[in-house]
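For the sequence shown, UniProt numbering gives the first residue as 1, with consecutive numbering after it.
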Amino acid sequence: MSLFQFPPSVLQISISVELTTEAVEFLRGIFRLFDTDNDGALQHQLEDLFATAPESPWSELPFEDSAEITASGNLPLNAFLSEWALMTLIDPKKSMANLIYIGYTGAPASALHVTRRRSVDRKKQKTERNVFHCFVFGPKNAGKTALLNSFIGRPFSKSDTSTTGERFAVNVVNQVGGNKKTLVLREIPEDEVKTFLSKKTFLAACDVAVFVHDSSSEHSWKRSRELLVEVAKQGEESGYGVPCLLIAAKDDLDPYPMAVRDSLGISQELGIEAPVRVSMKLNTMNDVFNRILSVAEHPHLSIPETETRKNRKKYLQVVNRSLMCVSVGAAAAFVGLAAYRVYLARRNTSG
1 MSLFQFPPSV LQISISVELT TEAVEFLRGI FRLFDTDNDG ALQHQLEDLF ATAPESPWSE
61 LPFEDSAEIT ASGNLPLNAF LSEWALMTLI DPKKSMANLI YIGYTGAPAS ALHVTRRRSV
121 DRKKQKTERN VFHCFVFGPK NAGKTALLNS FIGRPFSKSD TSTTGERFAV NVVNQVGGNK
181 KTLVLREIPE DEVKTFLSKK TFLAACDVAV FVHDSSSEHS WKRSRELLVE VAKQGEESGY
241 GVPCLLIAAK DDLDPYPMAV RDSLGISQEL GIEAPVRVSM KLNTMNDVFN RILSVAEHPH
301 LSIPETETRK NRKKYLQVVN RSLMCVSVGA AAAFVGLAAY RVYLARRNTS G
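Below you can see the structure in the form of C-alpha cells.
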C-alpha cells in the first residue's frame, strides 16, 4: 500500500506508518557501511551518512536525545533503527525523503507500511503493529522525565528537571519468546494537557496511555487520577478510547497511604490493571516497559470503564437479550405453525 494514496490528515488519525522489512534491511546495510571502525556504533560518521541530505534530521527536537547512546556518546544499531522508527511514526514524509537522500532507490510502498486503523484492531481484539505509541501523562515532578530517561539508558539524576515541552524517547523492547517491538514514549507536559484534550483527534494516534504519579505525594496521586479521568472521558466522547495503565513512581520513598488504597480501588472501578510500582533511583523497574507493551498489544482491554461506557454496555446487553427473546419467540412460533400445518394435513388425509 503506497503512503501517498492517503492525504496527510488521514495519516494522523487512527493509523500509523512503519518501516517495512526491506527498508530496515537497507538501513542495516547503511549502518554497516558507515561503521568504518567496526565498533558497532556511529557518531561522527552520522555527518557523512547524511551528507547527501539537506541537513541531519536528528540534530534537533523531537529526535535529538530521544534514543539510547553508548557511554562514549555513540549511536548503536538498535538506537539508529529506533530513530528511524520514530521519524517514520511522527513524520513519514520526512522519513521517506531521508531514505531517498541516503540512497534508497525503491518505491515508497516498498519502504513504508501503513497499518490498519486502531479502531479495527480493537474490534478484532489484536494488533499487527510493530511500533507502539505511548502517551505519558502525569503532574510535574511525578517522575515522567526520569521514566523516559530510564527507558533510553540514562542514569538517574536528582537534578532532572521537568520537561517544559513535549519529549520523545524510543527503544526496542525484548519480549518473552524473543520477539522485539519498538516502543515510543511521548511525554505530555501537564500544562499542555487541557490544550491537547481540546482537540477531538488527539488520542487517535495513541496506542496506550500511562499515568505517572509520585507514590509519596498526596497531591501527585490526586492530580494523576484527575488526568486519568479526563483522558478517559475525552476518549469516550471522541470515540478514541485507549488502554490505560497507572505507574506509581518513586517507590523508594515512603508511600502516601491513601494513594496505595485509592489507586487499587480506581483500577478495579475502571477495569484496568493495578498500578506498576517503580523506582528509577534504585533502577527497580518491575518490567514496566514490557507491561506497557502488553497493554498496547491488547487494544480491547484496559480501556477505562466510564459511567457512559458502562451504561452503553448495559444498554447493549438489554438490546441483545431482547433480540434473543424475539428470535426465540419467532422460532417457537414458526415451529408451532409448521406442526399445526402437519396436523391439518394428516386430519384431511384421514378424513
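We put the beta carbon where it would ideally sit given N, CA and C, even for glycine.
Please read these numbers as outputs of a predicted model, since none were measured by experiment.
Item	Value
Those residues which DSSP pairs with Glu18 across a bridge	His113
Burial state of Lys200, where buried means 16 or more other Cβ atoms lie within 10 Å	exposed
Burial state of Ala67 (16 or more Cβ within 10 Å)	buried
Buried versus exposed call for His133 [16 or more other C-beta atoms within 10 Å across all chains shown]	buried
Beta-carbon proximity of Ser95 to Thr88, cut-off 9 Å	yes
As assigned by DSSP and simplified to three states, the class of Val260	helix
With 16 other Cβ atoms within 10 Å as the buried cut-off, status of Val318	Residue placement at Val318 is poorly supported in this model, since its pLDDT is 47, which falls under 50; the coordinates still yield a value, given next. Its Cβ having fewer than 16 others within 10 Å, Val318 is exposed.
Inter-residue spacing [alpha-carbon to alpha-carbon] between Glu307 and Val276	25 Å
Residues that DSSP places opposite residue 379 in a beta bridge	Nothing can be reported for residue 379: it is not among the residues displayed for the chain, which extend from 1 to 351.
Sequence-distant residues of its chain with Cβ nearer than 6 Å to Gln125 (five each side left out)	His300
Own chain partners of Leu344 with C-beta closer than 7 Å, once the 5 adjacent residues on each side are dropped	none
Close Cβ partners of Phe156 (< 8 Å) along its chain, the five nearest in sequence each way excluded	Ala146, Asn149, Ser150, Met280, Lys281 and Asn283
Length of the line joining the Cα atoms of Lys314 and Pro255	Bear in mind that the predicted position of Lys314 carries a pLDDT of just 47, short of 50, making it too unreliable to give a figure here.
Per DSSP, cross-strand counterpart(s) of Thr52	Paired residue(s): none; Thr52 is not in a bridge.
Own chain, CB closer than 7 Å to Ser224, minus 5 neighbours either side, in chain order	Gly138, Pro139, Ala142, Phe211, Val212 and His213
Counted within 10 angstroms of its Cβ, other Cβ atoms place Glu83 as buried (16 or more) or exposed	buried
Thr20 versus Arg122, Glu128 and Thr36, residue with shortest Cα-Cα distance	Glu128
Exposure label - Ser2; buried when at least 16 CB within 10 Å	Here Ser2 scores only 46 on pLDDT, less than 50, and its place in the model is too uncertain to base an answer on.
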